[in-house]
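There are 2 protein chains.
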Amino acid sequence: MQARPLMPVEEALERLLALAEAAPIRDTEDVALADAEGRVLARDLVASLDLPPWPNSAMDGYALRLADWQGEPLAVSQRIFAGHAPAPLQPGTCARIFTGAPLPEGADCVEMQENVEVLEDGRVRLLEPLQVGQNVRPQGQETRVGEQVMATGTRLGPIELGLAATLGHARLEVVRRVRVAVLSTGDELVEPGLPLGPGQIYNSNRRLLASWLQRLGCEVVDVGILADDLQRTGECLAGLGDVDLILSTGGVSVGEADYLGMALREAGELALWKLAIKPGKPLTFGHFRGVPVIGLPGNPASTLVTFGLLTRPYLLRRQGVTQVAPLRFDMPAGFDWPRSGTRREYLRARIEQGQVRIYKNQSSGVLRSAAWAEGLVEVREGTTPREGDSVSFIPFSELLG
Amino acid sequence: MQARPLMPVEEALERLLALAEAAPIRDTEDVALADAEGRVLARDLVASLDLPPWPNSAMDGYALRLADWQGEPLAVSQRIFAGHAPAPLQPGTCARIFTGAPLPEGADCVEMQENVEVLEDGRVRLLEPLQVGQNVRPQGQETRVGEQVMATGTRLGPIELGLAATLGHARLEVVRRVRVAVLSTGDELVEPGLPLGPGQIYNSNRRLLASWLQRLGCEVVDVGILADDLQRTGECLAGLGDVDLILSTGGVSVGEADYLGMALREAGELALWKLAIKPGKPLTFGHFRGVPVIGLPGNPASTLVTFGLLTRPYLLRRQGVTQVAPLRFDMPAGFDWPRSGTRREYLRARIEQGQVRIYKNQSSGVLRSAAWAEGLVEVREGTTPREGDSVSFIPFSELLG
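As given, the protein sequences belong to chains A and B, one line each in that order.
So the first sequence is numbered by this note's numbering: it starts at 2 and just counts up by one.
So the second sequence is numbered by this note's numbering: it starts at 2 and just counts up by one.
See below:
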């Protein structure tokens, strides 16, 4: 029936990223650091101070001016704790100094306390040869005023927020959250907690996607389950309000009962992409009254793969994120895959004894295998990896956050 | 000064995990799925239904009873959509059926629509040989009633929550959040947004740790910066209320100005572990009025490494999590490391062209290198990896969540 060649995964990703770049979220917000977790930086962060702000001691020890010292024991003329401003160094003396404390004016090196003998009269004898700059962290060693420290499009996690704090920023300009309407289609779906009628199953995609979207910094508009009814589907879509993406699962591949597709086509355009991906062949992209629409296949394993590999990067790019590709690692296969396919397969897999093992049942309806797994292993079209061959493994931690 | 051998990283981790197991969080909570994200399952999840609940069609096509069919064209006696209960199959006919719809009683296989010719009189001719069970997903194929689907101690992310939803669970029993008091010590510290006085620097650990702890499902009790003053430190500790861990940064290695250490020793015990780890040698573990205390070194890179490699697993194990080790991957080094050390080094690194590259400046005060990096590369004690040698890489995504 379908003679068109399948669309390679790379091409689908390229198209989606181009579509994302054509519809960037331009609004920004100024938020406190505590609220910036998981958000995307909307403006380059430029250092407004040197780090460290002044030369300071890398050790607990004694600060002195090397040129003034001929090897004699030195009187200790002040004690400098971190956080306190030192007096200029009195010539011919040294200063007791602690890690992180500013070097006093006039001093140019620090001897660590382990190499110092404290005499009975309180003077100290330095036991080892010294060099100018020894155990001193110079001003601006890490960062200089005016340097770009983080670029627009950086995702803000604990490390990035810590870095912003280091530079004194209490607030950051971030990209507004992407508002994503999540809807599931299918008369067979029932929400968890309710009784199952004949022929019905529980809706898992709503929870999978809502949690995942939140981790990606999105705001979820939870539409729930659409009835298999053209008029009600149309009414629901029209009432969505101001969203940046309509994300649906199910109802895109079944011609005769695809009310969502019909409703979307009535007020927009919709393309069905047949992807060379397994699980997850059919993916819909279109617009409804100007709002982008992505339709994912409904079975959970397909939803997982097509969301993780295609929709996640799309959503991050909408927010201006540059780095959207997950890390992947070449690992020896702990399995044989004798049947080469025409679609790129993503198998739920985990790492055991340094090899990638796959779940016994890769049938596409199975979230259980994904909970067992630690990531996805990619088997490329036309390949038949054998045990010990190198395969590409993508940890779930790289996809889920 | 210090003759004791340094404690290997493995030993420190083992000790911390044993300490965590000795002080498990026993309280549990019953929460809605939407609130269970990032939490830890407190009770085995056992399937209360078969998945799928009934045999169903894996394809859009036609369902029939193979033994009743001699190759003749078949009348279509009903149409079965997903979510609708079928009538028993009328003998000598087939049923139009869609993906996910229940198989009608009496049918035992499905022919996909691509292999069917629809005749002018509405009957269908099946063009290919068929087998019993073809394109049928049997009841209980994925999960059977009574099977354990997730074990106590499972961390709940999008996949696990989706799986719980599949089984009809709207609520889950989870472990109470660990309450962690986060405090920083040092007169040199100032919160971001305030002006820096002489000798002062901005406090970054508070933000780093607060964000990170939240990702680990912890509740953060934000104490802020303790003054370098024994009496006020003691008062602050006494007023912490009901917490499960006191987590401090800074002030554990400086003998003379270690007011936190003094205050803790007055009402508990405190051990200083000298770890064979770099950055991050000194780590404190003890108890204050029965509450466990972990003291991390204060510079951000050390905090990052000792929190990620030692405190994170401790906190997860307190919540009963079994799997606390991050995934790590052997990768070829893209650098030379000619100086072998007596401590295990964790270098901020990223992956470029399939090799692990390290940040040029690994000086321990630098969060900037961590923001640049994608993970940590481990250089073991006494080793001098060269470019192309295999080294162990831990992605930040594995540590930060």
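For every residue, glycine included, the Cβ atom is placed at its ideal position computed from N, Cα and C.
Everything numeric in this text was worked out from a predicted model, so none of it was measured.
Proximity test, Cβ basis, 8 Å: residue i and chain B
| i | result |
| --- | --- |
| residue 396 of chain A | yes |
| residue 314 of chain A | no |
| residue 344 of chain A | no |
| residue 51 of chain A | no |
| residue 180 of chain A | no |
| residue 14 of chain A | no |
| residue 189 of chain A | yes |
Residue i in three-state terms, based on DSSP
| i | result |
| --- | --- |
| residue 20 of chain A | helix |
| residue 50 of chain B | coil |
| residue 341 of chain B | coil |
| residue 304 of chain A | helix |
| residue 167 of chain A | helix |
| residue 387 of chain B | coil |
| residue 31 of chain B | strand |
| residue 75 of chain B | strand |
| residue 63 of chain A | strand |
| residue 285 of chain A | strand |
| residue 38 of chain B | coil |
| residue 394 of chain B | strand |
| residue 181 of chain A | strand |
| residue 280 of chain B | coil |
| residue 322 of chain B | coil |
| residue 331 of chain B | strand |
| residue 314 of chain B | helix |
Beta-carbon spacing of residue i, residue j below 8 Å
| i | j | result |
| --- | --- | --- |
| residue 142 of chain A | residue 53 of chain A | yes |
| residue 260 of chain B | residue 168 of chain A | no |
| residue 84 of chain A | residue 201 of chain B | yes |
| residue 109 of chain A | residue 92 of chain A | no |
| residue 181 of chain B | residue 221 of chain B | yes |
| residue 98 of chain B | residue 111 of chain B | yes |
| residue 382 of chain B | residue 323 of chain B | no |
| residue 10 of chain A | residue 345 of chain A | yes |
| residue 107 of chain A | residue 216 of chain A | no |
| residue 172 of chain A | residue 34 of chain A | yes |
| residue 396 of chain B | residue 379 of chain B | no |
| residue 371 of chain B | residue 276 of chain B | no |
| residue 153 of chain B | residue 43 of chain B | yes |
| residue 87 of chain A | residue 140 of chain A | no |
| residue 219 of chain A | residue 178 of chain A | yes |
| residue 294 of chain B | residue 273 of chain B | no |
| residue 385 of chain A | residue 339 of chain A | yes |
| residue 208 of chain A | residue 19 of chain B | no |
| residue 237 of chain A | residue 246 of chain A | no |
| residue 187 of chain B | residue 229 of chain B | yes |
| residue 337 of chain A | residue 388 of chain A | yes |
Contact belief for residue i with residue j at Cβ below 8 Å, rounded distance in angstroms
| i | j | result |
| --- | --- | --- |
| residue 271 of chain A | residue 210 of chain A | Not really, about 20 Å apart at Cβ, beyond 8 Å. |
| residue 102 of chain A | residue 58 of chain A | 5 Å |
| residue 176 of chain A | residue 26 of chain A | 5 Å |
| residue 284 of chain B | residue 13 of chain B | 7 Å |
| residue 303 of chain B | residue 297 of chain B | 7 Å |
| residue 401 of chain B | residue 158 of chain A | 6 Å |
| residue 377 of chain A | residue 347 of chain A | 4 Å |
| residue 368 of chain B | residue 46 of chain A | Actually they are not in contact, since the Cβ atoms of residue 368 of chain B and residue 46 of chain A sit about 12 Å apart, beyond 8 Å. |
| residue 290 of chain A | residue 321 of chain A | The pair is not a contact, with the Cβ atoms about 24 Å apart (cut-off 8 Å). |
| residue 150 of chain A | residue 63 of chain A | The Cβ separation is near 33 Å, so there is no contact. |
| residue 95 of chain A | residue 65 of chain A | 4 Å |
| residue 48 of chain B | residue 147 of chain B | 6 Å |
Short CB-CB distance (under 8 Å) between residue i and chain A
| i | result |
| --- | --- |
| residue 369 of chain B | yes |
| residue 150 of chain B | yes |
| residue 278 of chain B | no |
| residue 202 of chain B | yes |
| residue 302 of chain B | no |
| residue 54 of chain B | yes |
| residue 352 of chain B | yes |
| residue 168 of chain B | yes |
| residue 129 of chain B | no |
Residue i: CB within 7 Å of a non-hydrogen atom of the ligand ADP
| i | result |
| --- | --- |
| residue 295 of chain B | Within the structure as shown, the ligand ADP is missing, as the structure has no ligands at all. |
Those runs of the beta strand (DSSP E) which lie wholly inside the region 88 to 161 of chain B and span at least 3 residues:
Listed in chain order, they are 94 to 98, 110 to 113, 117 to 119, 125 to 127, 149 to 151.
Which full runs of the alpha helix (DSSP H) of 4+ residues lie inside the region 192 to 274 of chain A, going along the chain?
For the region 192 to 274 of chain A, whole alpha helix (DSSP H) runs of length 4 or above, ordered along the chain, are 206 to 216, 231 to 239, 260 to 267.
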